[in-house]
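Participant:
In UniProt numbering, the protein residues as written are 1 to 294.
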C-alpha cells in the first residue's frame with residue numbers, strides 16, 4: 001500500500017513537470033533556448049527511465065522478499081505442523097504409556113487383593129484350627145476333671161466300704177479260733193505315684209485275705225469260746241460260714257472297687273494282685289461249698 005502511494009505521488013510530480021515544460025516552451029522562441037529545453041527534456045526522460053528502472057528493481061526486490069517471506073512462512077508452517085504431529089505422537093505415546101501403567105497397577109492391586117484374601121483365609125483357617133484345638137483341650141480338661149471327680153467319689157465310696165469291711169474282723173471270733181490280728185500297716189507311698197499306691201493297696205489286701213486263709217486252716221483258738229470247735233451242720237458253724245463268706249465277699253468287692261477307682265487298671269499286671277484276687281475268690285468258693293454240704 002505504501003508503494004502504491006509513492007508511485008501515485010511520483011506520477012503527480014511528473015505531470016507537474018510536464019506542465020511546467022509546456023509552459024516554458026510557449027515562452028521560448030529562441031532556437032538556442034529550444035535546444036537547451038530539448039536537452040533538459042532528454043535528461044528528464046533519462047532520469048525518468050532511471051527512476052522507472054529503480055522502481056522496477058525495487059519492485060522486483062520486494063517481490064523477491066515477499067517470495068522469500070512466503071517461503072519462510074510456508075517452512076514455518078510446515079515446521080509447526082511437524083511439531084504438532086510430534087506433539088500429537090508424544091501425547092498418544094504418553095496416553096498409551098499411562099493406560100499400560102494403569103493396567104499394570106490394576107493387575108498389581110488385583111494380585112495384592114488376592115494375596116490378602118488368601119492370607120486372610122489362611123489366617124481364619126489357622127484361627128479356626130486354634131479355636132478347635134482350644135475347644136478340644138477344654139473338652140479333654142473337662143473330661144479329665146470329670147474322671148477325677150468320679151475317681152474321688154469312687155475312692156470315697158471305696159474308703160467307706162473299707163471302713164465298713166474292717167468291722168468284719170470281729171466275726172472271726174465266731175469260728176472258735178484265734179482273734180484276728182491287725183495286719184501291720186505298710187509305709188504310706190507317694191500319692192503322686194500310682195504304682196506305689198497300688199502296691200500299698202494290694203499289700204494290705206493280701207495280708208488281710210491271708211489272715212482269713214490261716215483262720216480257715218485251723219489256727220489256735222483264743223478264749224473259752226474259741227476252744228469249742230464248730231461242727232458242720234450246727235448253728236454256730238452256719239453262723240461262722242456266713243460271716244466268713246460276707247468277709248471274703250466284702251474284701252473282694254473292696255479290692256476290685258479300689259483297683260478300678262483309684263488306679264484305673266494301671267496295676268492289673270502285677271502278679272501279687274492276681275494272686276490276692278485268686279485267694280479271695282478261692283476262699284469264697286470253699287465257703288459256698290461248705291455251706292452247700294452242711
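Cβ coordinates follow ideal geometry from the N, Cα and C atoms, glycine included. On a predicted model such as this, the values are computed, not experimentally measured, just so you know.
#1: Suppose you measure from the CA of residue 195 to the CA of residue 117; what does that come to, to the nearest Å?
#2: Would you decide whether residue 157 is buried or exposed? Buried here means 16 or more other CB atoms lie within 10 Å of its CB.
#3: Based on Cα-Cα distance, which residue from 46, 42, 56 and 45 lies nearest to residue 4?
#4: Report the CB separation of residue 38 from residue 17 in whole angstroms; it is logged as a contact under 8 Å.
#5: Count the other CB atoms within 10 Å of the CB of residue 12; is the residue buried (16 or more) or exposed (fewer)?
#6: Below 8 Å on the Cβ atoms is my guess for residue 48 versus residue 14; work out the distance and round it to an integer in Å.
#7: What beta strand (DSSP E) runs, 3 residues minimum, are completely inside the region 47-134?
#8: Spatial neighbours of residue 77 within its chain, please: CB distance less than 6 Å, with the 5 preceding and 5 following residues excluded, ordered by chain position.
#9: Give the straight-line distance between the Cα atoms of residue 71 and residue 53, rounded to the nearest whole angstrom.
Facilitator: Walking through what the data contain:
#1: Annotation note: pLDDT 46 at residue 195 (below 50); position unreliable, no value reported.
#2: exposed
#3: 56
#4: With 8 Å as the limit, residue 38 and residue 17 do not qualify as a contact, their Cβ atoms being about 15 Å apart.
#5: exposed
#6: 7 Å
#7: none
#8: none
#9: 26 Å
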